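Structure first, then comments.
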Amino acid sequence: MGIDFTARDVQSQLKTKGLPWELAKGFDGSAPLGKFIAFETMQKPIQDLHFRMKLNGEIKQEGHTANMIFSVNKIIAFVSEYFTLKIGDLIFTGTPAGVGPVKKGDHLEAWLEEEKVLSVKVK
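In this note's numbering, the protein residues as written are 106 to 228.
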């Protein structure tokens, strides 16, 4: 699991100018990643996993892979039509409700099922 941050101020400025806004997504520290868990070790199929994210101890996002618009297999198939995927590549797919601003000092934690897989402080 990972967090896909967006610099909304940069995004807004670039969009206003009609420019691509990749810079709002690709800054240093923009995509912290959690602990890797091999699918082979999971007790459930990939389309039956719960996940959640807390901000300063409060649950801000919860989701379940069964509720994704497209299945993981469909996403991988689609992306691989346009990009060569290799072991270790990541695909960020979006997020459940609860997107919001973070500030310096905030603590974000993410769980996959009941295992905490990510913990990061905003600098």
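From the three backbone atoms N, C-alpha and C, an ideal C-beta is built for every residue, glycine too. Predicted, not measured: the structure shown is a model, and the values here were computed from it.
When DSSP states are grouped into helix, strand and coil, residue 135 belongs to the coil group.
The count of Cβ pairs closer than 8 Å, one atom from the region 204 to 212 and one from the region 144 to 161, reaches three, so the stretches are in contact.
Assignment of beta-bridge partners to residue 164 by DSSP yields 159.
Of the other Cβ atoms in all chains shown, fewer than 16 fall within 10 Å of the Cβ of residue 171; this residue is therefore exposed. Residue 221 carries a strand assignment under DSSP once its states are collapsed to helix, strand and coil.
In the DSSP annotation of this structure, the continuous segment of the alpha helix (DSSP H) that includes residue 185 starts and ends at 177 to 185.
Residue environment for residue 174: exposed (fewer than 16 other C-beta atoms within 10 angstroms of its C-beta). In its chain, beyond the 5 residues on either side, 106, 215, 222, 223 have a beta carbon closer than 6 Å to the beta carbon of residue 139. Taken through DSSP and simplified to helix, strand or coil, residue 190 comes out as coil. Nearest in C-alpha terms to residue 136, of all of 109, 191, 219, 189, is 109.
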